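Student: If you want my numbering, it's the position in the sequence shown, counting the first as 1, plus 1.
Structure below; questions to follow.
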Amino acid sequence: MPSMTRGRGCPKPKRRGAAWLGLVLLLAGCGATQHTASSSHSRMFTRSVKAFAWRALSLPIGVVLTDHVGFAVSPVDGQDAWVCAPTSAGGFTVWATQNAAATWQQMGTLAPVTPEPVDTCGLLADQNDPRALVAEFVWGSGEAGTLRSMTLASSDAGAHWHRLPGTVQTMEIGTQAGITYAILMDTSATPNQQMPGVAISTDDLRSWHLARPPGLAPHDSFFQFWLVPTGITLLGATYQGTLWQTADAGTTWARVNTPDTQTSLGAWLPQQHRWELCGWVVTPALRLQCSLDLGQTWQTHPLLSFTTSCATCDKGKPYSFTQPCFPDTLTPDGSLLAFCPIGDGSDQPAPCAVYRLALGAAAWSQYGTSPAGLVTVPATGPVWSVNPQQGTLMTAMLPW
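Quick look at the structure:
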């Protein structure tokens, strides 16, 4: 399992994919109600520049954005997105847009047959294929040891679906040169056997074989991977802090040098024609480190922080403390994005301040605010901010 739990910043839509690292933060995230808390950001950034211009969007008629509604945006093109919403009959209707929610098309209804009822449909889009995605349905109880999952896959933007064998949950999916890669968690297996390797399929995950580096520790496993858009190169990060590369669909693997940390952010930079990798090192001091030469060297970058204060949160006693604001997005141009909570002492939903550390920059720049975190930063098209707690769906073009 990850060595640290996710820090709470701006809320992001539920995603079944990559695990997240950070420190435990106590302040309610952006988009959540702040009550009496307030915060102020550190001055490790430059003056504000051109801000995000957000545009509110509408969902299909009758669909209300809640935690039970699945949502996904294609990392390839931000014009493409999907919604999976429960129906009164117990099924789930899938909707798709190819014009950033200007119009929605009903793709069909899913009716998963499960031993126990499910009330949520999770969606995960393919890293490289704009028409491929998976839908997931979970039932049972973790405390009782009966928690199970079913995955359905589509290769035609949601028009047709097929079920993956077994009770698997899809953590990552990406298609490259006719090969589909996935991290599949077998929910009926013991914890040490749930994710033994990267699943590799040539028939849209109707079947697969597992690939695993021979040098990987027995109880270690991948929690995310990244693909080069063209070619057959995959880079995968593991829970125990190792990083591996394969250029032949998992036949051979090469280990990439990393600091003593998990590599939580990665992206292939097409204009630079190289990888960017980032992770957080905890000891002897917390720091953000990134590499642009496939792990040969790692550069330390400044971290943002914000101060939280509350007059009545701790049994009526005032307190104040400073905590880091972790970047959680790496864009195709090599920028790091951080979303830091903004508390104003009111009971209104709090937005978050958006900061960017451009590739090669020495300081963060502030780009206005966001109502919530981003689903993803696609290669083209708008970014999406989705907040199920507040029922808001918005898009904007990157302001740089």
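Cβ coordinates follow ideal geometry from the N, Cα and C atoms, glycine included.
Bear in mind the structure is a predicted one, so any value in this text is a computation, not a measurement.
Taking the alpha carbon of G146 as the reference point, which residue from P192, T377 and V65 has its own alpha carbon closest?
Tutor: P192
Student: In this structure, does DSSP put Q324 in helix, strand or coil?
Tutor: strand
Student: List the endpoints of the continuous beta strand (DSSP E) containing I1.
Tutor: Since the first residue shown for the chain is 2 and the last is 401, residue 1 is missing from the structure and cannot be characterised.
Student: Kindly list the residues whose CB is nearer than 7 Å to the CB of G361, restricted to its own chain and excluding five residues on each side of it in sequence; keep chain order.
Tutor: none
Student: Measuring CA to CA, which of A373, E277 and C353 is closest to L266?
Tutor: Minimum Cα distance to L266 is reached at E277.
Student: Is the beta carbon of L58 closer than 8 Å to that of M395?
Tutor: yes
Student: Please look up how many angstroms separate the CB atoms of A101 and P383, rounded, as I've assumed it's under 8 Å.
Tutor: 5 Å
Student: Can you grab the Cα-Cα spacing for the pair D249 / G71, in whole Å?
Tutor: Going from the Cα of D249 to the Cα of G71 covers about 34 Å.
Student: Report the rounded CA-to-CA distance for H163 versus A154, giving the unit in angstroms.
Tutor: 5 Å
Student: What did DSSP end up calling P342 once you bin it into helix, strand or coil?
Tutor: strand
Student: G71 lies in the beta strand (DSSP E); which residues open and close that run?
Tutor: G71 to V74
Student: Is C326 near F307, with beta carbons less than 8 Å apart?
Tutor: For C326 and F307, yes; Cβs fall inside 8 Å.
Student: To which residues does DSSP link V139 through a beta bridge?
Tutor: S150.
Student: Under three-state DSSP, which class holds Q128?
Tutor: coil
Student: Which full runs of the beta strand (DSSP E) of 3+ residues lie inside the segment 213–281, going along the chain?
Tutor: 223–228, 235–239, 244–247, 255–257 and 264–270
Student: Quick one: Cα of L125 to Cα of Q225, how far?
Tutor: 13 Å
Student: Helix or strand or just coil, what does DSSP make of P192?
Tutor: Helix, per DSSP.
Student: Can you give me the C-alpha to C-alpha distance between Q300 and W281, rounded to a whole angstrom?
Tutor: Rounded to whole angstroms, Q300 to W281 spans 11 Å at the Cα level.
Student: In terms of residue numbering, what span does the beta strand (DSSP E) encompassing W162 cover?
Tutor: Where W162 is concerned, there is no enclosing beta strand (DSSP E), given that its DSSP letter is neither H nor E.
Student: Going by beta carbon distance, what residues of the same chain come within less than 8 Å of A73, once the five residues before and after it are set aside?
Tutor: A82, W83, L124, L125, A126, L134 and V376
Student: Counting only the same chain and skipping the five closest in sequence on each side, list residues whose C-beta sits under 7 Å from that of M186.
Tutor: The beta carbon of M186 lies closer than 7 Å to those of V169, Q170, M172, Q195 and M196 in the same chain, with the five residues before and after it left out.
Student: How many whole angstroms separate the CB atoms of Y368 and F53, which I take to be in contact at a CB cut-off of 8 Å?
Tutor: With a Cβ gap of about 6 Å, Y368 and F53 count as contacting.
Student: Report the residue from G242, D130 and L358 whose alpha carbon sits nearest the alpha carbon of G159.
Tutor: D130
Student: If you draw a straight line from the alpha carbon of V50 to that of S366, how long is it in whole angstroms?
Tutor: 7 Å
Student: Taking only three categories from DSSP, how would you classify M398?
Tutor: coil
Student: Can you tell me which of the three DSSP states L375 falls into?
Tutor: In this structure, L375 counts as strand in the three-state DSSP scheme.
Student: Which partner residues does I184 have in the DSSP bridge list?
Tutor: E173
Student: To the nearest angstrom, how far is it from the Cα of R256 to the Cα of W245?
Tutor: 5 Å
Student: So who's on the other strand from F93, going by DSSP bridges?
Tutor: P87 and L111
Student: Can you look up Q300 in the DSSP assignment and give me helix, strand or coil?
Tutor: Shown here, Q300 sits in a strand according to DSSP, grouped into three states.
Student: Consult DSSP for P290 and reduce its assignment to one of helix, strand or coil.
Tutor: Strictly speaking, residue 290 in this sequence is Gln, with Pro absent from that position. Q290: strand per DSSP, three-state reduction.
Student: Can you tell me whether Q391 is helix, strand or coil according to DSSP?
Tutor: coil
Student: According to DSSP, is V355 part of a helix, a strand, or is it coil?
Tutor: In the three-state DSSP reduction, V355 falls in the strand class (E or B).
Student: By DSSP's criteria, T381 is part of a beta bridge. Which residues make up the other side?
Tutor: Listed as beta-bridge partners of T381 by DSSP are D78.
Student: Where L165 and D334 are concerned, what is the direct C-alpha to C-alpha distance, given to the nearest angstrom?
Tutor: The straight-line gap separating the alpha-carbon atoms of L165 and D334 is approximately 35 Å.
Student: To which residues of the same chain is T381 closer than 6 Å at the C-beta, ignoring the five residues directly before and after it?
Tutor: Taken in chain order, the residues that qualify are D78.
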